[in-house]
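Comments concern the structure below.
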Amino acid sequence: MLKVNSLVKSFGGLLATDNLSFEVEEGEIHAFIGPNGAGKTTLISQITGEIKPDSGTIEFDGKDISRIPVHLRSAYGLARSFQITNIFHDMSTWDNVALSVQAQSGHSFHFWKDARKDSILREPALVFLEQVGLEERADILAGQLSHGEHRQLEIAMALATRPKMLLLDEPMAGMGLEESKAMIEILQGLKRKLTILLIEHDMDVVFKLADKITVLVYGRGIATDAPEAIRNNPEVQAAYLGEGVVSA
Amino acid sequence: MRNTPRIKIITLLMLSLGAIPLIADSIDEPFYTVLFSRMLILSIGAVSLNLILGFGGMVSFGHAVYLGIGSYVVGIGTFHAFEDGVEWMGNGFIHILVAIAVSALAGLIIGAISLRTHGVYFIMITLAFAQMFYFIAVGTEKYGGDDGLSLYMRSDFAGLLDLSNDNSLYYLNFAFLLASLYLSHRLTNSRFGMAIRGTKSNEERMKSIGFPVFRYRLVAFVIAGIICGIAGVLSANQTDFVNPSVMHWTRSGDLIIMIVLGGIGTLFGPVIGAVAFLLLEELLSGITEYWQLIFGPMLLLIVIFARGGIDGMLVALDRWWLRYSVKKNVEDN
Chain H
4 MLKVNSLVKS FGGLLATDNL SFEVEEGEIH AFIGPNGAGK TTLISQITGE IKPDSGTIEF
64 DGKDISRIPV HLRSAYGLAR SFQITNIFHD MSTWDNVALS VQAQSGHSFH FWKDARKDSI
124 LREPALVFLE QVGLEERADI LAGQLSHGEH RQLEIAMALA TRPKMLLLDE PMAGMGLEES
184 KAMIEILQGL KRKLTILLIE HDMDVVFKLA DKITVLVYGR GIATDAPEAI RNNPEVQAAY
244 LGEGVVSA
Chain D
250 MRNTPRIKII TLLMLSLGAI PLIADSIDEP FYTVLFSRML ILSIGAVSLN LILGFGGMVS
310 FGHAVYLGIG SYVVGIGTFH AFEDGVEWMG NGFIHILVAI AVSALAGLII GAISLRTHGV
370 YFIMITLAFA QMFYFIAVGT EKYGGDDGLS LYMRSDFAGL LDLSNDNSLY YLNFAFLLAS
430 LYLSHRLTNS RFGMAIRGTK SNEERMKSIG FPVFRYRLVA FVIAGIICGI AGVLSANQTD
490 FVNPSVMHWT RSGDLIIMIV LGGIGTLFGP VIGAVAFLLL EELLSGITEY WQLIFGPMLL
550 LIVIFARGGI DGMLVALDRW WLRYSVKKNV EDN
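If you read the sequences in order, they're chains H and D. Okay, so the first sequence: first residue is 4 according to the numbering used here, each after it adds one. Okay, so the second sequence: first residue is 250 according to the numbering used here, each after it adds one.
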């Protein structure tokens, strides 16, 4: 589904992505772990096109998308969530998701009909809100939602573009225990229906959800394997997990 | 939602605007018709700027350029109609069509370049374009250069409307204001409008969910230019005079001030702002020549204490009224 070949990106002298190659199979959850500054978010931003790589190619669904703009990659079926909540704060929760639906339902050069009364946008948007458990908050200003709810909204907005593949950047960042549990349930519900690239700090979550894990250190992929094998990989333990996280 | 104080006040404002010529005639003060006519025209300009500035977050600092384009279309047209006897060049319908076409073209060019930038660069580029048009007008000796042109005649609407009558012109302005308000209402609530609001709110996210934001912004920019171009046509007829100062950068600034004063990103905010601006100018300049000395601090207070402008204060009034009426209901029962 996604094929990344020899991707390189540096900021000044700092290598954020160091000759990285990997493949994500259709329907699997492929997690990326690594210490802060390992280049995880930079990787997602290059796949979605917000950051341009210095060299290397990105293939998605059989097409080379390395050089096309952000909005076209979205049209091809790539959707992302942001680590730092990135929503339309001054619009209602429902409007946020309806805008995502609108993004992928043809051009928006419709000048006359009231978009907020357009069932083609509003009804699917409500379904996506239900999917993440936000339907009762539909009419509230998105800026007024709690942190956990913002994370849920992020997922609903990504889903509403009807992607083939989701790129999730720490969907559980800053969540409480209960909220995390709910989010894991949401993600488990998406497993096999969508291809997912997941960045997450919480190792429990990663080992629970992922089919495959890549360990990223200073932009380099030092290992890619099934969760159990990653846990037992001495190189990985030395480089990253040795900090005691693995005992979990 | 119905019949809150805010809606009553705005309805009253619109009805009053509709009745101004009748009132002015009955007290034999035709001056008021002219004053309010100017308010209507600048309201249209402010409504059009509000489409991109208020709803789209594009702070264009050169919007008066379209007032200039519309004005010069009338000025140049009537000049040739009168001097050279080219009758069709005095036709009002043609003035409006040409103003629309030229404004659209100018908007397309200015927008295509300026909308690739953001923030202060966008402000500077729109300003630079407006200054360019300004100096073109200053340099055009044939049409009066710096001194401008006095209109020998107003736009001719082929017997349908006699614009030499100030009241007819007033109601033409009023009709265009109502039309621009209705258009603004439809546009901002349509899919197109949601896309524009989205780019104001969070452009990065808009791209990420799949919107090609540039083309929506550009179209909004052109639409705003067209509406303001029509206001320019009306403006030339109102003042019987065209000169470069209609598109001076301070005019663009005035339009922004009107929007801030009335309420950014609301339907009626620009109208409230334009009326308040010109009324204050009229009242304060009667007190002192340096009326801006009083007006400036007033604007400052509005910006600091009432972010939503006058319309924002009305919204606050509504909220207070709602709480009061709920409380009263509870007590009554």
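Think of the CB as a built atom: it goes at the ideal place given N, C-alpha and C, for glycine as much as any other residue. Quick caveat: nothing in here was measured; it's all calculated off a predicted structure.
Min CB distance residue i to chain H below 8 Å
i	result
D:L289	no
D:A444	yes
D:I506	no
D:F441	yes
D:G459	yes
D:N451	yes
D:N438	yes
D:Y281	no
D:Y465	yes
D:K257	no
D:G305	no
Residues near residue i by beta carbon distance below 8 Å, same chain, minus five either side
i	result
H:M178	H150, G151, R154 and M186
H:V249	For H:V249, the predicted model reports a pLDDT of 42, less than 50, meaning its position is unreliable; a value from the coordinates is still stated below. The answer, listed in chain order, is M206, R234 and Q240.
H:Q105	S111, A118 and L124
Buried/exposed call for residue i, threshold 16 Cβ in 10 Å
i	result
D:W570	exposed
D:V369	exposed
D:A295	buried
H:P56	buried
H:K43	buried
D:N584	Coverage of chain D is limited to positions 250 through 582, which leaves residue 584 of chain D absent and any answer about it impossible.
D:V323	buried
D:V579	exposed
D:F470	buried
D:W337	exposed
D:T537	exposed
D:Y401	exposed
Interface flag, residue i vs chain D, CB-CB below 8 Å
i	result
H:I92	Contrary to the premise, residue 92 of chain H reads as His rather than Ile in this sequence. Yes, contact with chain D.
H:W97	no
H:Q49	no
H:V73	yes
H:K43	no
H:V248	Because H:V248 carries a pLDDT of 47, less than 50, the predicted location of this residue cannot be relied on, and the following value inherits that uncertainty. Not closer than 8 Å to any Cβ of chain D, the Cβ of H:V248 fails to qualify, so no.
H:D142	no
H:Q147	no
H:F112	yes
Straight-line gap, residue i to residue j (C-alpha atoms, nearest Å)
i	j	result
D:Y573	D:I559	21 Å
H:G52	H:V73	5 Å
D:N252	D:T260	10 Å
H:L102	H:S95	11 Å
H:P230	D:F310	57 Å
D:N299	D:G388	31 Å
H:T227	H:L10	16 Å
H:L180	H:I158	18 Å
D:V351	D:Q487	20 Å
D:V575	D:P519	31 Å
D:H312	H:I189	48 Å
D:N340	D:S404	6 Å
D:Y539	D:M547	14 Å
H:H113	H:T217	44 Å
H:S122	H:A128	9 Å
D:E278	D:R446	43 Å
D:G502	H:V27	54 Å
Residue of the options minimising C-alpha distance to residue i
i	options	result
H:L201	H:V135, H:S24, H:G15 and H:G37	H:G37
D:L542	D:I301, D:L529 and D:V552	D:L529
D:D489	D:L300, D:S286 and D:F304	D:S286
H:L193	H:M175, H:Y221, H:L124 and H:E31	H:E31
D:M288	D:R255, D:Y321 and D:L483	D:L483
H:L3	H:I54, H:H204, H:A19 and H:S84	Since the first and last residues shown for chain H are 4 and 251, residue 3 of chain H lies out of range.
H:L23	H:Q49, H:A128 and H:I90	H:Q49
D:I345	D:E580, D:A523, D:A485 and D:D503	D:A485
D:F342	D:L284, D:D411 and D:F384	D:D411
D:M562	D:V509, D:Y315 and D:D503	D:V509
H:A145	H:D98, H:L219 and H:S108	H:D98
D:N422	D:H497, D:I479, D:T437 and D:L354	D:I479
H:G80	H:G65, H:H33, H:M175 and H:K184	H:G65
D:G442	D:K456, D:R454, D:Y465 and D:A523	D:Y465
D:F433	D:S292, D:F371, D:S297 and D:G334	According to the sequence displayed, residue 433 of chain D carries Ser and not Phe. For D:S433, the nearest C-alpha among the options comes from D:S297.
Beta-carbon contacts of residue i that lie in its chain and below 6 Å, excluding the five residues immediately before and after
i	result
H:A288	Outside the shown range of chain H, which is 4 to 251, sits residue 288 of chain H, and nothing can be said about it.
H:G247	With a pLDDT of 48 at H:G247, under the threshold of 50, the predicted position of this residue should be treated as unreliable, though the coordinate-derived value follows. Here the set comprises nothing.
H:T88	H153
H:D214	E31 and I32
7 Å Cβ shell around residue i - same chain, five flanking residues per side excluded
i	result
D:N416	P270 and T282
D:P567	In the sequence on display, residue 567 of chain D carries Asp and not Pro. For D:D567, where only same-chain residues beyond five positions count, the Cβ hits under 7 Å are T253, P254 and R255.
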